[in-house]
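**Q** Supplied in structure tokens, the structure appears directly below.
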Amino acid sequence: MASLSREPNGNRTIQFVAGNGKRKSVRLGKTSQKTAEVIKSKIEALNAAVVSGASWDRETAAWVGEREAVLYDKLAAVGLVPLRPEKEKTTLAAFIEGYIVKRTDIKERTRINLKQVCRDLIQYFGPDKPMADVTEGDADEWRLFLKLRLGENTVRRHCGRARQFFRAAVKRRLIVDNPFGEMKGIAVQANRERFYFISCDEAGKVLEACPDAQWKALFALSRFGGLRCPSEHLALRWGDVDWEHNRMTVRSPKTEHFEGKESRVVPLFPELRSHLEAAFDEAAPGTEFVITRYRDHNSNLRTQFERIIRRAGLQPWPKLFQNLRSTRETELAESFPIHVVCAWIGNTQAVAQKHYLQVTDAHFEKASAALQNPVQQSAESPRGESQEQQRTIVIAEDYDSVRYCTNVQIPPRGVEPRFSS
144 MASLSREPNG NRTIQFVAGN GKRKSVRLGK TSQKTAEVIK SKIEALNAAV
194 VSGASWDRET AAWVGEREAV LYDKLAAVGL VPLRPEKEKT TLAAFIEGYI
244 VKRTDIKERT RINLKQVCRD LIQYFGPDKP MADVTEGDAD EWRLFLKLRL
294 GENTVRRHCG RARQFFRAAV KRRLIVDNPF GEMKGIAVQA NRERFYFISC
344 DEAGKVLEAC PDAQWKALFA LSRFGGLRCP SEHLALRWGD VDWEHNRMTV
394 RSPKTEHFEG KESRVVPLFP ELRSHLEAAF DEAAPGTEFV ITRYRDHNSN
444 LRTQFERIIR RAGLQPWPKL FQNLRSTRET ELAESFPIHV VCAWIGNTQA
494 VAQKHYLQVT DAHFEKASAA LQNPVQQSAE SPRGESQEQQ RTIVIAEDYD
544 SVRYCTNVQI PPRGVEPRFS S
């Protein structure tokens with residue numbers, strides 16, 4: 144007879160006495176009582192067959208034939224079933240490359256990122272390294288290997304994707320443990336040293352240096368519209384622009400797999416609208432997409448943008464495009480409720496606080512001015528004016544002062560945009 148026990152952590156183990164009188168164990172891990180009882184009865188039948196030298200009955204033979212590799216190998220290890228002539232070993236290159244190919248649900252940029260992690264794993268461990276042989280210690284050493292040439296957040300992302308690969312292998316019962324499963328410090332952290340606020344003056348210089356209306360629209364959509372570049376720019380159609388109501392529908396490839404996050408509506412801010420109008424006037428009749436000249440995946444927008452920034456007499460800042468979004472969200476948060484700002488930018492309040500909202504010099508200047516204004520206002524305000532009237536005036540002044548970049552280049556226009564009524 145075999146015995147079934149349950150450990151405090153929920154793992155179950157079956158023990159039995161083999162034909163040589165030695166007690167042997169088959170560890171099942173976390174499984175239901177019902178499943179464990181079935182396996183226990185089959186182990187008893189298999190052990191009886193080994194002791195007596197009899198063949199398996201049809202039901203037991205069918206059950207053994209249906210077992211997945213992990214359980215079969217555990218039964219073979221205690222002598223209940225024969226070892227497979229050539230135990231199949233799932234190798235890093237074969238599994239991960241196949242996994243990436245099968246992921247037809249991911250975006251091209253995600254696929255590129257996964258392939259990079261695959262290359263780094265293969266470079267360190269070799270293509271034929273069995274996944275089951277990678278230990279937690281190996282995972283830690285691979286992380287140190289990455290740190291020799293990559294930044295902290297990139298290392299964290301790589302380890303998170305490696306965990307994803309091994310988790311998929313565990314789910315398919317190809318390996319038992321995920322060596323990255325217990326690794327700490329994988330979540331990407333905000334690096335505030337790489338924050339940069341692109342001022343209105345700098346934005347105006349960049350716009351002047353842009354070679355054409357398409358590049359000006361690209362920049363304005365990022366800096367004044369807060370769009371993700373390039374995915375949301377390239378998805379934007381002229382049909383998404385509602386000139387009459389001063390808003391546009393932004394399709395978001397990054398978040399479209401989340402319910403209700405396929406798109407969002409963003410205002411046509413004055414400094415954005417003017418550059419969209421200029422691009423619209425240059426577009427050929429029937430043109431579908433707003434951005435038409437840089438749609439090729441081989442178009443290196445980053446390199447071209449760095450040239451434009453240098454042409455403007457500036458130095459390229461960190462995270463070229465994300466800091467444009469970050470700057471816009473920081474500006475908008477000065478004038479609108481944060482839930483409204485996040486709805487326009489397309490992120491959550493938690494993400495905005497951690498990765499986007501910046502503390503700028505203007506905040507310190509405004510705070511310093513606020514220390515003086517109350518004294519001046521109390522001396523200058525008419526006695527008959529109510530506190531509510533005074534408060535309204537101050538709020539209106541603050542709102543107007545931070546709402547828009549009023550000094551950016553506005554393209555000259557002679558006619559209204561060509562849109563159907």
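Following my numbering, the numbering of the sequence shown begins with 144 at its first residue and continues without gaps. Even glycine gets a Cβ: it sits at the ideal position worked out from N, Cα and C.
1. Three-state secondary structure (DSSP) at residue 146?
2. When DSSP builds the beta bridges, which residues end up paired with residue 154?
3. Return the CA-CA distance between residue 386 and residue 426, expressed in angstroms with no decimal places.
4. Do you know how far the Cα of residue 325 is from the Cα of residue 453?
5. Helix, strand or coil for residue 471 per DSSP?
6. Write down every uninterrupted run of the alpha helix (DSSP H) in the segment 391-463 whose length is 4 residues or greater and which is fully enclosed by it, in chain order.
7. Can you tell me whether residue 144 is buried or exposed? The criterion is at least 16 other CB atoms within 10 Å of its CB, across all chains shown.
8. Quick check on this structure: which residue in 234, 242, 432 and 472 has the alpha carbon closest to the alpha carbon of residue 384?
9. Would residue 527 be called buried (16 or more neighbouring beta carbons within 10 Å of its own) or exposed?
10. Does the Cβ of residue 489 have 16 or more other Cβ atoms within 10 Å, making it buried, or fewer, making it exposed?
11. Under three-state DSSP, which class holds residue 309?
12. Let me check one thing: in DSSP terms, what residues is residue 365 bridge-paired to?
13. Any idea if residue 258 is buried or exposed, counting beta-carbon neighbours within 10 angstroms, 16 or more meaning buried?
14. At what residues does the alpha helix (DSSP H) containing residue 346 begin and finish?
15. Please report how far the alpha carbon of residue 408 lies from the alpha carbon of residue 391, in whole angstroms.
16. Any contact between the segment 391-403 and the segment 359-376? By contact I mean 3 or more CB pairs, one from each, below 8 angstroms.
17. Can you look up residue 478 in the DSSP assignment and give me helix, strand or coil?
18. Taking C-beta to C-beta, are residue 242 and residue 346 nearer than 8 angstroms?
19. Should the segment 269-288 be called in touch with the segment 244-251, which here means at least 3 C-beta pairs below 8 angstroms?
20. Grab me the residues of residue 302's own chain with a C-beta within less than 7 angstroms of its C-beta, minus the 5 sequence neighbours each way, in chain order.
21. Quick check: the segment 481-488 against the segment 354-365, are there 3 or more CB pairs under 8 angstroms?
22. Quick one: grab the DSSP three-state call for residue 319.
23. For residue 309, count the other beta carbons within 10 Å of its own beta carbon; 16 or more makes it buried, fewer makes it exposed. Which is it?
24. By how many angstroms is the C-alpha of residue 276 removed from the C-alpha of residue 270?
25. From residue 470 to residue 363, what distance separates their C-alpha atoms?
26. Can you check whether the CB of residue 415 is closer than 8 angstroms to the CB of residue 367?
27. Is residue 190 near residue 223, with beta carbons less than 8 angstroms apart?
28. For residue 210, which option in 182, 511, 266 and 272 has the closest C-alpha, if you only look at C-alpha atoms?
29. Apart from the five residues just before and just after residue 499, which ones in its own chain have a Cβ nearer than 6 angstroms to its Cβ?
30. If we count the other Cβ atoms within 10 Å of its Cβ and call it buried at 16 or more, is residue 298 buried or exposed?
31. Can you say whether residue 417 is buried or exposed, counting buried as having 16 or more other CB atoms within 10 angstroms of its CB?
32. Would you kindly work out how many angstroms separate the C-alpha atoms of residue 300 and residue 292, rounded to a whole number?
33. Out of 273, 266 and 204, which has the shortest C-alpha to C-alpha gap to residue 237?
34. In terms of residue numbering, what span does the alpha helix (DSSP H) encompassing residue 203 cover?
35. Span of the alpha helix (DSSP H) holding residue 257?
36. Kindly indicate the opening and closing residues of the alpha helix (DSSP H) around residue 217.
**A** For this structure:
1. Looking at residue 146 - three-state DSSP - the assignment turns out to be strand.
2. 173, per the DSSP bridge assignment.
3. Taking the CA atoms as reference points, residue 386 sits about 16 angstroms from residue 426.
4. Rounded to the nearest angstrom, the two C-alpha atoms are 45 angstroms apart.
5. Helix.
6. Listed in chain order, they are 413-425 and 444-454.
7. Exposed, because fewer than 16 other Cβ atoms sit within 10 Å of the Cβ of residue 144.
8. Looking at the Cα atoms, 432 is the closest of the given residues.
9. With a pLDDT of 48 at residue 527, under the threshold of 50, the modelled position of this residue cannot be trusted, and the question is left open.
10. Buried, because 16 or more other Cβ atoms sit within 10 Å of the Cβ of residue 489.
11. In the structure shown, the three-state DSSP call for residue 309 is helix.
12. Note: residue 365 sits in no beta bridge, so no partner.
13. By the Cβ-count criterion, residue 258 is exposed, with fewer than 16 other Cβ atoms from all chains shown falling within 10 Å of its own Cβ.
14. For residue 346, the enclosing alpha helix (DSSP H) starts and ends at 343-352.
15. Rounded to the nearest whole angstrom, the CA to CA distance from residue 408 to residue 391 is 6 angstroms.
16. Touching, yes, given that three or more Cβ pairs across the two stretches are closer than 8 angstroms.
17. Under the three-state reduction of DSSP output, residue 478 falls in the coil class, being neither helix nor strand.
18. Taking a C-beta distance under 8 angstroms as the contact criterion, residue 242 and residue 346 do not qualify as a contact pair.
19. Taking 8 angstroms as the limit for Cβ pairs, the verdict is that the segment 244-251 does not touch the segment 269-288.
20. So the qualifying residues of the chain are 286, 323, 326 and 329.
21. Contact between the segment 481-488 and the segment 354-365 is absent: fewer than three C-beta pairs spanning the two stretches fall below 8 angstroms.
22. In the structure shown, residue 319 adopts coil according to DSSP, grouped into three states.
23. Label assigned to residue 309: buried.
24. Straight-line Cα distance between these residues: approximately 13 angstroms.
25. The straight-line gap from Cα to Cα measures roughly 12 angstroms.
26. Yes, the pair counts as a contact, with Cβ atoms nearer than the cut-off.
27. The beta carbons of residue 190 and residue 223 sit closer together than 8 angstroms.
28. For the set 182, 511, 266 and 272, the Cα lying nearest the Cα of residue 210 is the one of 182.
29. When the five nearest sequence neighbours on each side are left out, the beta carbons in the same chain lying within less than 6 angstroms of the beta carbon of residue 499 are those of 469 and 472, in order along the chain.
30. Within 10 angstroms of the beta-carbon of residue 298 lie 16 or more other beta-carbons, which makes it buried.
31. The residue is buried, with at least 16 neighbouring Cβ atoms inside 10 Å.
32. Residue 300 and residue 292 have their C-alpha atoms roughly 14 angstroms apart.
33. In terms of Cα proximity to residue 237, the closest of 273, 266 and 204 is 273.
34. Note, residue 203: alpha helix (DSSP H), 201-208.
35. Per DSSP, the continuous alpha helix (DSSP H) segment holding residue 257 begins and ends at 251-268.
36. Run containing residue 217: 212-220, per the alpha helix (DSSP H) assignment.
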